[in-house]
Structures are given as structure tokens and as C-alpha cells.
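Residue numbers (the working numbering): 26 to 559.
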Ligand SMILES: Cc1cc2nc3c(=O)[nH]c(=O)nc-3n(C[C@H](O)[C@H](O)[C@H](O)COP(=O)(O)OP(=O)(O)OC[C@H]3O[C@@H](n4cnc5c(N)ncnc54)[C@H](O)[C@@H]3O)c2cc1C
Ligand code: SF4
Ligand code: SF4
């Protein structure tokens, strides 16, 4: 276990870690292994944690950070309350960890069966709503997921140490709601991140939107915190991923190419230059990844996440489906199936969900470390399946089942039938069918991916490729010798830049309008989205 805080060059920092309940089954204190400036105090009924020895409560020192986990213990209530109050008194900054500790009035106080499973004794009050620590002390910051990850806590301590306000903000008012707040505001675009984050798997995606099973939801808030429509700060995420601030229109990038597969079989099934398909095959064949999450379509043009592990499976999912596939949830299936070096393909909003999961793995604790590479495809807007059917059948009068390819190019939406007839209509006629939530989206080209791929900017039949991270760069450079690839023309770069900028301006205005007229029920969470607009 790495040491979280290096003593060298930094003022030493005293942390009080307080477990005020008897349960103490969260794994939180592991982050302090090797540190000698953590003062661990615990309820007298709490078992030893093995890593930190209990210290005498009466000798508790003053500290920069206090971290409380556990609810008010019903087996020793007074002791629990006194301990929480003392930690508050001694700590400059107090963080509440766990939904049992710092959840809202609807969330807080639940003890789950997961907690009891780890207990060496049986808690007679299991399943009884406990008073929350928040009922007796006020927290400066909260992380009310169940249970919090080591990475989440490390992020917090580091952000406080570095005085990094953008990062600390994530802890100011994190989710005390479920994603109902997002779906009711019609801000959800069906990425699937919430379903991946839910520790009890209470969320399923039904008709391209999340549905919560009230019987199994423990109201921990993990879905709300991880949703890319809440607390989304592109600048902070860019710094976290690339160690660089983003280009205001395109996100951080290093190189841009125009590229095309050399394989006829790839070009036959792909949307544009077949770069996503060929690159995934290369990653699998060279054993860089052991699986990829893509969008397949078991039912005609209605896509769903597909976990693929062979070039044949990759090719079977090639081509653009102009409808919502909750691809982030596919990561859960990939991990369940034992894959641990996963390439992810998705539209920019899905890539945002993945980037957030990787940067703030508060609820997504089983998944983030298994994502090896993130590929974004460009996206201006997307459609619910029912709307896609209305466009195709209503505007072109072709039954969707007869369509074998569709696309958007040069301002026109086109569909091609099995017998190669092509029908086209101006894009402006289909814009009103796009899902409403796409008008809150400011990302055209997947700014938080390792590599982004789209069609605009390159000649027909080629793909435009934006190489961003070091990892993406080194892999793409090796792959480039297998395909046709040249630097993107200046004209191509400016086409992409103009479209990306247009999307930010247009959707930024809509988002600002929502905020100004308070038509948004989770206003706070949107501010970060529009603040960095150019
Ligand atoms: C909804 C949508 C809107 C788009 N809008 C634009 C645009 O405005 N401008 C532009 O330049 N490009 C846009 N694209 C991207 C473009 O259509 C191609 O996907 C991209 O150029 C890659 O081409 P390729 O030949 O390399 O991909 P391929 O080799 O055909 O591979 C495409 C990959 O994308 C995955 N995929 C397909 N549909 C979806 C989906 N709905 N959700 C998640 N993953 C999916 C496939 O599973 C496959 O792995 C859009 C894509 C989508 C899905
Ligand atoms: S935007 Fe994504 S994470 Fe947020 S509620 Fe919708 S599906 Fe869930
Ligand atoms: S426009 Fe944005 S929100 Fe809509 S599907 Fe595309 S990437 Fe997602």
C-alpha cells in the first residue's frame, strides 16, 4: 500500500479517523497504512481494525482533518454522540463518510446486510434506521456513498492538502439524492453510469433510461454522485487524467490524424474509416486489452452494450447506431465476466461517466481500475429508439428493418437499404427528434478519452482521429503502421474545432438559460458544467 502523504516538502498533517459506531466495517482506514500522524479513535464496542490501533479518546489531539464514519450506535448511543462531538471540536475540517453517517434525512442511518456480514458479532439493531452522525454534528464535507473507497478518501485528503478547490468541491454537497433528480429534470441521456455505480444493483436501464428498484435501493447516493450530469468539472477531470488543462474547444490533445483501415472486410462493416474496429482488433490481438465494451444491436437498430473479446465479435458490432446504448453499464458485465483490461467505446457523455468513475471512484469502486483505454466517437446529438423509428419511417418512409446503414454527412441524414437505395433528408429536419438532454451536452469530440474518432474533418470514407493521452499516443503510433494514416489537414482541424465550438455555444446558452430561469431542480450541480465555457 503506497503511503498517501509524503512527509517530505509538506507540512505534517494530523488526521483524526473516528469510528463512532460499533460496526466499522467500511474499509476506509486502509488509506492510512504507514502513516504515523493518524489518530484513530473508535467506539468501545468496535472491533480492532488490524491496521490502526485504537488510541485513547481522552488524549485526542487537535487535527487539520477529522473523518467520521459509522452511524450513531444504538448499542452505546451516548458514547457515540460524545465521540462525534469531540471529533468535531478537535478538527478544523470534518468529513462525514458513508451514507449511514452523512446521508440526508431520506438516505442516512441505514445499516445494510453487507455491514453485518463483516461483523464479528451480531448487531441486534441491524436493519433499524440509526440516527446519523449528521444529526449531532455538522460536517464541512460529505461522502455519503456506501461504502466509500480508499481512492475517494485519498482524493479528499490530497485536495485539502493542495488547497485544490475544484477537487474539494466534489465533497461539498455530494449526492444526498438518487438519480431521480436527474431523470425528473430530463437531464439524463442514458449513459448507464448510475447503474454501474449502484452497490446493490438496484438500477436497470429500461427503454434507454435508468429505473430504480425501490426494494433494493439503499439510498446511498452513489448513483447521484457518479452521474456525469452532476458535479461535472471538465477542467478538474482533464487535469486529473492528462495533467493538462483542456483546449477550450477540443479538450486536451496531442496529435490529429486522418486515417482509414486497409482491410476491405473492416470497411464493409464500419461507419467511416473503420478505425475504431481495427484499433480494437489490434488492442485485443496484441493483448493490450482482454475485452472491449461496444454497442451491439440484438434488435435491429436498437443498440445495447456488448462485451466483445475477439476480432470477430468486434466486427459484428461495427457501424454507428443513432440511438442510445447505455455503454457504461457494459463495463460491469465485462468485470463480472472476469475481464480486467477493458477498452471502452462510447459517445462523449458516456466517456464523461467513465472519466468521472476513474477520477472519483466513490461508488464505482470495482470497475475503474479495470478500464485500460477509452475511445470516444464524436457526437452532436443522439436519439431515443422510438424517435429514430419516427425519423426513418416518418421522414424517409423506409421501414427501419429494411435499412442496412445510416449516417450523417454534409448536413444530411441518409439511410441506405439492403438493395442499396439511398434516401436523404436535411439534418435540420431531424434535430427536434434528438433527446432533450443532448441540449445540455457541451462535448462534441469526447474530450476525456484517450483517443477520439469521428468522420468530420476527413475525406469521405476516412476517420478523423484525435490522440490525447500518453497511453493513447503510444498505442496509436504502433497501430498506425497497419493502416493508412496521415496528419489531419489544417482545414480538417478547423472543421472539427468549429463544430465543437458551435455545440458549446449553442448548448451552453440553453444550459445558462435553464440556470437563470431556475428551471433546473439540481442547479448546484450544473454550475461546474458551464463555468469553463470559452
Ligand atoms: C449517436 C452518434 C452521433 C454521431 N455524430 C457524429 C457527428 O456529428 N460527427 C462525426 O464526425 N461523427 C459522429 N459520430 C461518429 C461516427 O458516426 C462514427 O462512429 C465514427 O466516425 C467512427 O467511425 P469508424 O468507421 O472508425 O467506426 P466503426 O469501426 O464503425 O466503429 C464504431 C464503434 O462505435 C460503436 N457505436 C456505434 N453506435 C454507438 C452508440 N450509439 N453508442 C456507443 N457506441 C456506438 C460501435 O459499437 C463500434 O465499436 C456519431 C456517432 C454516434 C453513435
Ligand atoms: S445521465 Fe447516466 S448516470 Fe445520470 S441518471 Fe442518466 S443514465 Fe444515470
Ligand atoms: S450529444 Fe452529448 S449527451 Fe447527447 S448523446 Fe451525444 S454525447 Fe451524449
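All residues carry an ideal CB built from backbone N, CA and C; glycine is no exception.
Bear in mind that the values here come from a model prediction, so they are computed numbers and not experimental data.
Out of the options, which one is the CA nearest neighbour of residue i?
i           : options            : result
residue 420 : 193, 451, 442, 427 : 451
residue 369 : 381, 360, 362, 356 : 356
residue 482 : 523, 127, 462, 409 : 523
residue 113 : 41, 281, 148       : 41
residue 181 : 391, 118, 429      : 118
residue 7   : 380, 203, 148      : Since the first residue of the chain shown is 26 and the last is 559, residue 7 is not available in this structure.
residue 365 : 540, 414, 195, 397 : 397
residue 264 : 161, 477, 242, 383 : 383
residue 342 : 328, 531, 275, 171 : 328
residue 572 : 106, 440, 228, 374 : This structure leaves residue 572 out entirely; the chain is present only between 26 and 559.
residue 46  : 125, 63, 84        : 125
residue 297 : 478, 516, 533      : 478
residue 273 : 431, 512, 468, 232 : 468
residue 438 : 444, 405, 520, 489 : 405
residue 237 : 243, 231, 227      : 227
residue 230 : 428, 248, 521      : 248
residue 157 : 530, 99, 185       : 99
Which two residues bound the contiguous beta strand (DSSP E) that contains residue i?
i           : result
residue 428 : 428-434
residue 167 : 166-168
residue 448 : 447-451
residue 328 : 327-333
residue 511 : 509-512
residue 415 : Note, residue 415: premise wrong, no beta strand (DSSP E); not H, not E.
residue 379 : No beta strand (DSSP E) holds residue 379; the alpha helix (DSSP H) holding it covers 373-384.
Classify residue i as helix, strand or coil using the three-state DSSP reduction.
i           : result
residue 43  : strand
residue 528 : helix
residue 30  : With a pLDDT of only 46 at residue 30, under 50, the local geometry of the prediction cannot be trusted, and the value read off the model is given with reservation. Correct three-state label for residue 30: coil.
residue 533 : helix
residue 80  : coil
residue 562 : Nothing about residue 562 can be reported from this structure: the residues present for the chain run from 26 to 559 only.
residue 404 : coil
residue 362 : coil
residue 442 : strand
residue 302 : helix
residue 459 : coil
residue 38  : coil
residue 367 : strand
residue 517 : helix
residue 65  : strand
residue 282 : strand
residue 245 : coil
residue 182 : helix
residue 346 : coil
residue 226 : coil
residue 210 : coil
residue 157 : coil
Is the separation between the beta-carbon of residue i and that of residue j shorter than 8 Å?
i           : j           : result
residue 121 : residue 167 : yes
residue 292 : residue 283 : no
residue 491 : residue 278 : yes
residue 161 : residue 93  : no
residue 386 : residue 217 : no
residue 571 : residue 344 : The shown model of the chain, from 26 to 559, leaves out residue 571, and the question about it has no answer.
residue 376 : residue 233 : no
residue 354 : residue 220 : yes
residue 302 : residue 334 : no
residue 310 : residue 336 : yes
residue 192 : residue 222 : no
residue 471 : residue 402 : yes
residue 325 : residue 409 : no
residue 423 : residue 449 : no
If you follow the alpha helix (DSSP H) that residue i is in, where does it begin and where does it stop?
i           : result
residue 125 : 124-127
residue 290 : 289-294
residue 394 : Unbroken run through residue 394: none, as it is neither H nor E.
residue 232 : No alpha helix (DSSP H) holds residue 232; DSSP gives it neither H nor E.
residue 190 : 190-193
Residues bridged to residue i by DSSP?
i           : result
residue 94  : 44, 122
residue 112 : For residue 112, which the question treats as bridged, DSSP gives no partner whatsoever.
residue 563 : The displayed coordinates of the chain run from 26 to 559. Any statement about residue 563 would go beyond what the structure contains.
residue 317 : 333, 368
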